[in-house]
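Visitor:
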Amino acid sequence: MELRINQTTYQVDADADTPLLWVIRDDLGLTGTKYGCGLAQCGACSVLVDGNVVRSCVTPVAGVVGREITTIEAIEADAVGKHVVAAWVEHQVAQCGYCQSGQVMAATALLKHTPKPSAEQIDAAMVNLCRCGTYNAIHAAVNDLAKQENA
Amino acid sequence: MKTRDDLFDGPVNLSRRHFLASAAVGALVIGFGLPLGSSRVQAATAERGTQVPAFLEIRPDGSVRLLSPFMEGGQGTHTAMAQIVGEELDADPATFIVEAAPPGEAYVVMENGMRITGGSMSVRMSYPTMRRLGALARAMLLQAGAEQLNVPLAELSTQPGRVVHAASGRSLGYGELAGRALDMPVPDPATITLRDPSQFRWIGKPVRRVDAYDKSTGKAQYSIDLKVDGMLHAAVQHAPRLGMTVGSLRNQAQVEGMKGVHSVHQLPGAVAVVAERWWHAKRAVEAIQVDWQEAGPDAKVRVMPADFSSDGWRDVLAAQQGPARDDENEGDVAATLKGAKTSVEATYHNQYVNHAQLEPPSALARFNADGTLDIWLPNQAPDMFRADIAKRAGLDPAQVNLHSPLLGGFFGRHFLYDSASPYPQAIALAKAVGRPIKLIWSREEEFLRDVLRPVAVVKFRAALDEKGFPVAIEAVSATEGPTEAIAGKQGDKLDPTALEGLSGKSYAIPNKRIAQIYVKGPAMLGYWRSVGNSLNDFFYEAFLDELADKGGHDPYELRLHLLRDNPRLTTLLQAVGELSGGWKRGPFTAADGSRRARGVAMASPFGSHAAVIAEVSIEQGQVKVHDIWEAIDPGSIVNPAIVEAQVNGAVALGLSQTLLEEAVFIDGKPRARNYDLYPILPPSRMARVHVRIVESGEKMGGIGEPPLPAVAPAVANAVAQLTGQRIRSLPLSRHTFS
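Chains X and A supply the protein sequences, listed in that same order.
By my numbering, the letter at position 93 of the first sequence is numbered 93, and the numbering carries on one by one without gaps.
By my numbering, the letter at position 530 of the second sequence is numbered 1530, and the numbering carries on one by one without gaps.
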C-alpha cells in the first residue's frame, strides 16, 4: 500500500491491521514516534493524520492510506510545529524526553485547530502521560504559545 | 587493537556517532583511545578521573565530546557534567556533546569507589573529580598552545574554547590544538588550581540542557530505537508467575507458520518469537499456547506462589511478632512508654508500586565475527551489567562492548535485577539465530516482570509528656528491604534501604527505637525513586501529625519545636512556610468556595533535606492537590533550573504514589499489565509546584530523589486535617471521602 508521510510517498508492504506505529518505526525507520503502551493509554505514539492527533499504536495502517501523516521528524517543517518546538526548548520541558515527541504532536494539533486555546481547551487536549512529571512545564509552554500572535 | 570505527560500527541510525567517527579522521581527537585497554589510557596516572583522553574529545570545530560516567535518564546529569567540566576546561557547556561512557575503571569517579547512576549520587559524588578533569584538560591545551605559539606557558590564558596569548593578540581554538594536546602527558593533579567559585560562569547557573532540542524533535535515541545491519526483532511471552518453566507448546507449528515469523524459541521461564518485524514477533508470541509447569525445587529465581495476593501479604506482615532488630535505639523507649501518661499507637502500611517508566525495556545484542559481543541496553551500572553479560555469554568482560543509550525514564528500574531485564534473552536469541537481535518487552510483559517497590507494615508507639510533646517514639517495620531482596540477607546486618526515613530523622525526641522484622516475601523487589524514604517518611511524618494532634500542638509548630537545636532544618521549615505565604493549616474556604486544608512534612534523604506543604480539597470524593510548596537544601547546587525540574518530577511521582498508584497481585499475578489498570498520575491531577532552593553551603547532597518522600505525608496530613480521617495507608484511592 501507499502511504503519505511527511510529504513523502512510501510503498509499504504491511498487513492492513498492522498498527501505523510499527510501520513508521520498523518499516520506515522513523523512530522519533515512540512505543509506550500499545493501548492508546499514554500518547507517546501520537502523530498527525490530516492535522488531527492520532495514537498510532492503535491505528490500523490501512485506515490512513490516502491521508497526510506527519511525524515528529517533520514537525519543524510545519509552521505551528516549529513554534511548538521552540517553546519546548525555551521552557526546557523535556526530562527523559521519551514522551515528548507525542506531547509536541498533541500541542501542535491543538494549536493548528485552536490557535488561542483557553486553559480548559489546553487541559482537554494535553492528556498524554509523562512519568517524569513535566506537566507544569508543558502547560507553561502551551500557555505561552496560546498567547503568541503567530502561534 | 580496536579502532574507533569498529567500536561505533553499530546502530545504523546512530548518525551522530557516525558523523563523529568520520569527522574525527585526521583531526585531533583526545579520547580516541576508548575503551580501556588502550596504551594511552593505561599510561595515564592511576588516580580517579585523571585519564583525560578517556573522557574528552575536542573536534576541529571546537565542540567537545564528553563521555559521562553517568547515564542520562531525564535527571539532567549530562548537562551537569558539561557544566562542571566546561567550567574548568573553559568551554561553554552549549558546545558539549555528552554521551555515556563505556564500562571501565577509568570512569569510576565517585568518591565511594563505585560507578552507578542512582542514589542521587552522580553530581555530589564526582563533583571535585570532574572539575579537576576539566582543569587537567585545560592545562594540556595550554601546554600545547605554548608549544604551537612558541611562547612561555605563563603568558597564556584561556577564553571559552580558546587559548589566548594576550601579548601578541594571537589565539588558537581548542579544536586547533587538540591534536598536539593529545601528546601531552596528563599533568600531576597536585599542580592544578581550580577556579574560584566566585568566578563561576556556568556552575550554579540555569544552563540549558544539552539534550533539550533533540528531545523535542524526536532525534534523541533510546535503546528501543536502535538498529544494526541484519538485525531481527524478538518478542517474548513470560510465564504468568516467576519461577514457572516452559512445558510444551501446543501450537508451535501453527505459530511458526504465522506471517513474518523466523523462529520460535524456549527460554528460561519464557517463550520467544524472532521475526523480521517486531509486530509480527509480538503477535506470534502472544498466540503461543504454552503449558507452563510449576517451579521445581531447584528454581534459580524467587518463585511466585499461586496463592500470593498483595492484600494477603499485608496481613502476613501485620501479623509478624518478631524478632525485630534495632537500627536506632536511644534512651529507654520501653520505660518511657510504660510510664507515659499519654501514649499513641498506630499501624501504617504502604503499597507495592511499579516503575512504569515510559520506555519499555529492550536489548540489542550482536555477536561479531571476532567473537566479541556488542550490546545496547538501558542500565544504571555498566560495569555490573558487563560482568553479568560476560558470564552469561561465556566471554571475557573485555570481549563485551556495552553501550548505554539515553534512558526513557528509569526511577530505579535499570539496576541489575535478575529476571527483570531482557538482555539475557536477547543474548540467547542472538546466539541461537546467528544474527543480531533486538528484543523489546511489550508493556504487558514489562508489568509482569518489573521489580516492585517494597511494602511494609509499621507499628508505631509513642509517649507524650505533660505538655503534649513526644518524648519517646518506636517504629517496628515488618518488611524486606530492596537490597536484601536482590543480594540476599547479609547475615545479621540490617538493610539500610529498608528503614531509611524511619531511621535518620532529626527530631529531638530523647527516646527512640527504630527496628525491623525481616520478612522475606515472594515478590521480586527493586529500587524505586527515593527507595526506603518513599514509604518510610510517609509513615513517620503522618504519625508525627497524630502526635501533634494528640498533644494539642500545631504540626508545623511541633516540628519547629523538635528542631529547635537544628538551625539548618529550622531555616528550611521556615523557608517553606514563607514560600507558602505563611503557615496556615485550615480548614479554610478558598476563593473558589472549596474547603481546603494544608499539611506539612519533612524528609532528609540522600544527603539533602526537604520540607513540603501541600494544599488539598475533596472534589467528587477524590483528593485534589492544588499546590505543593517545597523548600530543598542540597547544600550547594550546579543547575537551579534542573533542580526545579527535578522537584517537579519528584512531586509528580510522589503525588502518583499518594493518590492512585498501586500494584495489586491476585493469585500470584499482577492485576495490571498496562496503564489502563495501573494508572499513573495524569496531567489533570498534577499540582502547581513552587520551589525554593536553600543553599546552606553544607556538603553537597542529591537532587533526583530527595524532593519526593515528603510529598505523600504532606498530602496525607492535609487530608486528615480537612476530613478528620487519619490516613495510615496509601494510595488515597483506597480511601473513601465525602
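Positions of the beta carbon are idealized from the N, C-alpha and C atoms, including for glycine.
Predicted, not measured: the structure shown is a model, and the values here were computed from it.
Find the nearest neighbour of R1435/A within the set K1227/A, L1525/A and L1499/A, judged by alpha-carbon distance.
Guide: Of the listed residues, the one whose Cα sits closest to R1435/A is K1227/A.
Visitor: Counting only Cβ pairs nearer than 7 Å, list the residues of chain X close to D1592/A.
Guide: Under the 7 Å cutoff, chain X gives no residues; its nearest Cβ is about 14 Å from D1592/A.
Visitor: Please tell me whether F1460/A and A1319/A are closer than 8 Å, where the distance is taken between their beta carbons.
Guide: no
Visitor: Ignoring anything shorter than 3 residues or poking outside the region 1219-1305 of chain A, list the beta strand (DSSP E) runs there in chain order.
Guide: 1232-1238, 1245-1249, 1261-1267, 1270-1275 and 1290-1293
Visitor: Buried or exposed: which applies to V1333/A, given that a residue is buried once 16 or more other Cβ atoms fall within 10 Å of its Cβ?
Guide: buried
Visitor: Straight-line CA distance for S978/A to K1438/A?
Guide: For residue 978/A there is no data in the structure shown, the boundaries of chain A being 1001 and 1738.
Visitor: Would you check if the region 1555-1565 of chain A and the region 1672-1684 of chain A touch, i.e. whether three or more CB-CB distances between them fall below 8 Å?
Guide: A contact between stretches requires three or more CB pairs, one per stretch, nearer than 8 Å, and the region 1672-1684 of chain A fails this requirement with the region 1555-1565 of chain A.
Visitor: Decide if E1072/A is buried, meaning its Cβ has at least 16 other Cβ atoms within 10 Å, or exposed.
Guide: buried
Visitor: Taking only beta-carbon positions, decide if I69/X is within less than 8 Å of chain A.
Guide: no
Visitor: Use the C-beta contact count for I1727/A: other C-beta atoms within 10 angstroms, 16 or more gives buried, fewer gives exposed.
Guide: Result: buried.
Visitor: So, with DSSP's three-state summary, where would you put M1700/A?
Guide: coil
Visitor: Taking buried to mean at least 16 other C-beta atoms within 10 Å of its own C-beta, is A1420/A buried or exposed?
Guide: buried
Visitor: Quick one: what does DSSP say Q7/X is sitting in, helix, strand or coil?
Guide: In the three-state DSSP reduction, Q7/X falls in the coil class, being neither helix nor strand.
Visitor: For Q1159/A, collect the residues of the same chain with a Cβ closer than 6 Å to its Cβ; drop the 5 residues on either side in sequence, then sort them by chain order.
Guide: none
Visitor: Can you give the Cα-Cα distance for V1638/A and V1689/A, rounded to whole angstroms?
Guide: 21 Å
Visitor: Report all residues from its chain with a CB closer than 6 Å to the CB of G1234/A; omit the five preceding and five following residues, and keep chain order.
Guide: Note that residue 1234/A corresponds to Ala in the displayed sequence, not to Gly. Cβ neighbours of A1234/A within its own chain (closer than 6 Å, five residues either side excluded): A1272, V1274, A1281, L1429, I1437 and L1439.
Visitor: Quick one: grab the DSSP three-state call for E1466/A.
Guide: coil
Visitor: Just mark G29/X as buried or exposed, buried being the case when its beta carbon has 16 or more other beta carbons within 10 Å.
Guide: exposed
Visitor: Which partner residues of G1599/A appear in the DSSP bridge assignment?
Guide: A1614/A
Visitor: Name the chain A residues that come within less than 7 Å of S118/X, Cβ to Cβ?
Guide: Simply none; closest approach about 15 Å.
Visitor: Quick one: which unbroken beta strand (DSSP E) runs of 3-plus residues sit fully inside the region 1347-1417 of chain A? Chain order, please.
Guide: 1362-1367, 1373-1376 and 1400-1403
Visitor: Using DSSP with H/G/I as helix, E/B as strand and the rest coil, what is V104/X?
Guide: helix
Visitor: Would you say I72/X lies against chain A (beta-carbon separation less than 8 Å)?
Guide: yes
Visitor: Got a sec: which bits of the region 24-53 of chain X sit with their beta carbon under 9 Å from any beta carbon on chain A, in order along the chain?
Guide: R25, D26, D27, G29, L30, T31, G32, T33, K34, Y35, G36, C37, G38, L39, Q41, C42 and A44
Visitor: Are there 16 or more other CB atoms within 10 angstroms of the CB of T70/X, so buried, or fewer, so exposed?
Guide: The C-beta of T70/X has 16 or more other C-beta atoms within 10 Å across all chains shown, which makes the residue buried.
Visitor: Does the contact criterion of 3 or more C-beta pairs under 8 Å hold for the region 1454-1474 of chain A versus the region 1542-1561 of chain A?
Guide: Enough Cβ pairs lie closer than 8 Å, so yes.
Visitor: Checking contacts by CB at 8 Å: is W1528/A closer than that to chain X?
Guide: no
Visitor: Would M168/X pass as an interface residue toward chain A - the criterion being a Cβ-Cβ separation below 8 Å?
Guide: The requested residue 168/X is not part of the displayed model; chain X covers only 1 to 151.
Visitor: Output, in chain order, the set of chain X residues within a Cβ distance shorter than 9 Å of W1278/A.
Guide: W22, R25, D26 and Y35
Visitor: Locate the beta strand (DSSP E) running through E1099/A, then write down its first and last residues.
Guide: F1096 to A1100
Visitor: Provide the residue span of the beta strand (DSSP E) that contains N52/X, from first to last.
Guide: N52 to R55
Visitor: So for Q1159/A, helix, strand or coil by DSSP?
Guide: strand
Visitor: Is it right to say D1450/A is buried, meaning 16 or more other beta carbons lie within 10 angstroms of its own, or is it exposed?
Guide: buried
Visitor: Evaluate P1305/A with the Cβ neighbour count: other Cβ atoms within 10 Å of its Cβ, from every protein chain shown; 16 or more gives buried, anything less gives exposed.
Guide: exposed
Visitor: Measure the beta-carbon distance from A1365/A to I1427/A and round it to whole angstroms, keeping in mind my assumption that it falls under 8 Å.
Guide: The beta-carbon distance between A1365/A and I1427/A, rounded to whole angstroms, is 5 Å. This is short enough to meet the 8 Å contact definition.
Visitor: Establish whether the CB of Y135/X and some CB of chain A are separated by less than 8 Å.
Guide: yes
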